[in-house]
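Q: Note that the UniProt record's numbering has the sequence shown beginning at 1, numbered continuously upward.
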Amino acid sequence: MLSMQNTPAFYLPSAANLTSHRGIQQPNAPTTIPTTTDHANTTHSLTLSEIPTFPDDGPAMDDALSHHESVSTDGVSNDSPDSWDGEGQSDRSTSADYEVKIHDASYPFVDSNYSQMPVSSSSAAAAAVTILTAASKPFRINFIAANNPSDTAMVDDDVTPKVEEIEEVEGLQSIKPIEVGTGNPTPAAAPVNVPRKRGRPRKHPLPVPGGQIKITKGRSKTGCITCRRRKKKCDETKPSCLNCQKNAVVCEGYPPKEIWKSGKQKMEDARSKAILAAVPRSLPLLIDGVETEIDRRFLDHFVHGFSRVLTLINDDTNPFKEILLPMAAQHRGLMHSLMCLSGSHLSALDPEPKLKERKFYHFHHAIQDLKDNIMSSSIKSSGDTEESELLVEDPIIASTIALSLNTICEGETNGEYRPHMDAARYLLVTQQPRNEKFRQFIVEFFQYHDVSNSITSLDRRPALGQGDLRLPDFVPHAQAGMFLGVFDGLFNYISDVTRLRDRIRQRFNEGYEPAVDYQILSDAVSIDSAIRAWETSHAPDTPNWCLAQLYRQSTWVYLYRTIRPSKPSEKIAQVVDDGLAYLDQLPQDSGAFSIVLMPLFLLGCSAFLTRQRERIQKGFEALKAYSNLRNIEPAFKVVQRVWEVMDTKTEESWDWEKIIKDMNMDFLIT
């Protein structure tokens, strides 16, 4: 704001008060105006007629003015005092209009229209006219007209006007004239570049005249997560914005709305979260051993797929589902064994690394649990003086059987099954299982694998007739058998043939001639008569009846290959063809296919003809497709090796147990 310092002021009091002002005695007298110069702080009266008229091109004034100006009132000459009376405005009127004309040749930007400014005086206000001139430095001259005594009181001799330099004179060049003749501003006025003012700048500056105010909008926080992360404008379409669809990106939706909460509510929420964090969210295991999603997959495969390839029965009475699985639900070690068994079979179908890792996890836990239970039982039995035998629970016996089957699923050929089968034999001979139903199943299961194991090894012999493994104690009615050949007595004849083979092998190693003496022939004839008289308990023309006939044929072939010379004959060719015919009668999806490997192996070791070998090979392929047990492949390799011996050294082809040993293989053929 421009101050009044160094600014000469000319005061025009109202006509009513001119007589009371000192220096003015009568109305008709020339009007005097007190003046103050910039050079001397003296105040004197100047009559209006004494104000010189400034021609447009006159000489320069004293050092106060560098340019001359002309002042008139409504066309009346300023030289005559009559301009205040007569036809002009009355000095006693309450309102008077004055017009000040300013002509300045040194300011070409000042238009003539701009110099015409109506000035009115009233009882409430005084009109001020500022005349700007340019000397060495510009200054102002103020004319003030007052209509009331209070206004005249403002005019005092002690008032010292000041002249203040105007800053940034160059900025005045940008000021354009405004049309004031009609009292209305120019409609299309250009923005005025106002000089910078002193003092602290406004926090919120005033808008520029004539300009459009730009409203700054804040960043929107209601867009989708994807657009906000990509720093793109979101159209906020729900449930997914169109901007993401247009740019072929997945819209991640919108963040949840946050509800304002007080500090107290936030503290209560934090306390509630801390309490919830302290409470464990995980639930305990329903069944020990079934812990992960892969374990549940193993369990499902065991119930609906794997259990049907382990026994002859392929329905809900399957002992692995009806007996072992409920027992495993109460015993963690047995469950680990069954999950390991199922995982081994499933990993052959699906070679996913996670399945193998989980299978080994169950295997190690099953072994560790088996050791812990046997050690604890040993400590209990050693402390009891009356009972020195090792007494274990039924699930421990079942675990040994399950781990034996695991070697079949894995296709192991280095005798990994031996410790598990030996443990099961020891436990079954030294003690009886407590559950009678489990007892019948486990004895039959062990006998089947124990007798079959003697066919492919030189040192593994059946434990028939030892302790509680005597078969007559467990022979139920016809449909009770889970495996073929055990309860119906056929495996007794297989065991007898195995003992004959041991005697012949011993005589041959000792150099006796002939290796088959009369005693061996007599025993062989007795076995032959028993095989001919044997009848199965299964109904005729059923898959199980055909399977029983296949077992009968293979048992007779086993006897023939033991005491007869190893060379082609019509008898052996006929029996092999009949056995293969029974094999062809078995449906591909029947449970009978689960125990076909042992008779198929015996027929293969007796196939001298090429056409028979081709059918044997197809039988192995069909069996592998059905059960997917990995011990089928090493069994067929042994058969192929026996065929090679038949074609070169015919007499040695009967002793396939020795051939297997020479191949450094030891596995279960079940």
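Glycine residues also receive a C-beta, built at the ideal position from the N, C-alpha and C atoms. None of the values given here were measured: they were computed from a predicted structure.
Mind checking who N453 pairs with in its DSSP beta bridge?
A: DSSP output for N453 lists no bridge partner at all.
Q: Where does N664 sit, in a helix, a strand or coil, going by DSSP?
A: coil
Q: Hey, could you find the ends of the alpha helix (DSSP H) T555 is sitting in?
A: 543 to 563
Q: For P599, count the other beta carbons within 10 Å of its own beta carbon; 16 or more makes it buried, fewer makes it exposed. Which is it?
A: buried
Q: Measuring only the C-alpha atoms, how far is L603 from L403?
A: L603 and L403 have their C-alpha atoms roughly 28 Å apart.
Q: For D295, count neighbouring Cβ atoms within 10 angstroms of its own Cβ and tell me buried if that reaches 16, exposed if not.
A: buried
Q: Under 8 Å from any heavy atom of the ligand COA, does the C-beta of I374 make it?
A: What this structure holds is no ligand at all, so the ligand COA is not there to describe.
Q: Mark G333 as exposed unless 16 or more other C-beta atoms lie within 10 angstroms of its C-beta, in which case mark it buried.
A: Flag for G333 reads buried.
Q: Classify N414 as helix, strand or coil using the three-state DSSP reduction.
A: strand
Q: How is C227 classed by DSSP in three states: helix, strand or coil?
A: helix
Q: By how many angstroms is the C-alpha of N318 removed from the C-alpha of S307?
A: 7 Å
Q: Should the segment 576 to 587 be regarded as contacting the segment 531 to 539, the criterion being three or more beta carbon pairs within less than 8 Å?
A: no
Q: Using 9 Å as the threshold, is the C-beta distance between E657 and R501 below it?
A: yes
Q: Tell me which residues share the same chain as P575 and place their Cβ nearer than 8 Å to its Cβ, disregarding the 5 neighbours each side in the sequence.
A: Reading off the sequence, residue 575 comes out as Val, not Pro. The answer, listed in chain order, is Q553, W556, V557, Y560, S606.
Q: Determine whether the beta carbon atoms of R228 and K238 lie at a separation below 9 Å.
A: no
Q: Here's the rule I'm using: 16 or more other beta-carbon atoms within 10 Å means buried, otherwise exposed. How should K359 be labelled?
A: buried
Q: With a cut-off of 8 Å, do at least 3 Cβ pairs link the segment 629 to 636 to the segment 402 to 416?
A: yes
Q: Less than 9 Å separating the beta-carbons of T650 and K567?
A: yes
Q: When the Cα atoms are used, what is the spatial distance from R611 to A592?
A: 24 Å
Q: Which residues in the same chain have their Cβ closer than 6 Å to the Cβ of A105, if we skip the five residues on either side of it in sequence?
A: Low per-residue confidence applies at A105: pLDDT is 42, beneath 50, and the placement is therefore not dependable enough to give any value.
Q: Alpha carbons only, please: which of N664, M646, L597, Y626 is nearest the one belonging to F636?
A: L597
Q: Tell me the residue span of the alpha helix (DSSP H) that contains R611.
A: 610 to 627
Q: Determine the DSSP secondary structure at C234, reduced to helix, strand or coil.
A: coil
Q: Let me know if S376 comes out buried or exposed under the rule of 16 or more other beta-carbons within 10 Å of its beta-carbon.
A: The residue in question, S376, is exposed, as its Cβ has fewer than 16 Cβ neighbours within 10 Å.
Q: Does D655 come out as helix, strand or coil in the three-state DSSP assignment?
A: coil
Q: Just to confirm, is the Cβ distance from F608 to M665 under 9 Å?
A: no
Q: By DSSP, does P239 sit in helix, in strand, or in coil?
A: Of the three classes helix, strand and coil, the one that applies to P239 here is coil, per DSSP.
Q: Count the other CB atoms, across all protein chains shown, that sit within 10 Å of the CB of D488; report buried if there are 16 or more and exposed otherwise.
A: buried
Q: CB-CB under 7 Å to residue 688, same chain, minus the five flanking residues each way: which ones, in chain order?
A: In the structure displayed, the chain extends from 1 to 670; residue 688 sits before or after that span and is not available.
Q: If you pair each beta-carbon of the segment 417 to 434 with each one of the segment 446 to 461, do three or more pairs fall below 8 Å?
A: yes
Q: Please list, in chain order, all residues of the same chain as V642 whose beta carbon is under 7 Å from its beta carbon, the five residues on each side excluded.
A: C605, S653, W656, I659
Q: Between L405 and R615, what straight-line distance do the alpha-carbon atoms span, to the nearest angstrom?
A: 28 Å
Q: In chain order, what residues of the same chain have a beta carbon less than 6 Å from the beta carbon of H331, not counting five sequence neighbours either side?
A: Within the same chain, and ignoring the five residues on either side of H331 in sequence, the residues whose Cβ sits closer than 6 Å to its Cβ are P395.
Q: Could you say which of L299, R271, S282 lies nearest to V290 if we only look at CA atoms?
A: Of the listed residues, the one whose Cα sits closest to V290 is L299.
Q: Please name the residue, chosen from G343, S569, Q368, that lies closest to K356 on a Cα-to-Cα basis.
A: G343
Q: Taking S457 as the reference, give the member of S337, I669, V392, K261 with the closest Cα.
A: Minimum Cα distance to S457 is reached at I669.
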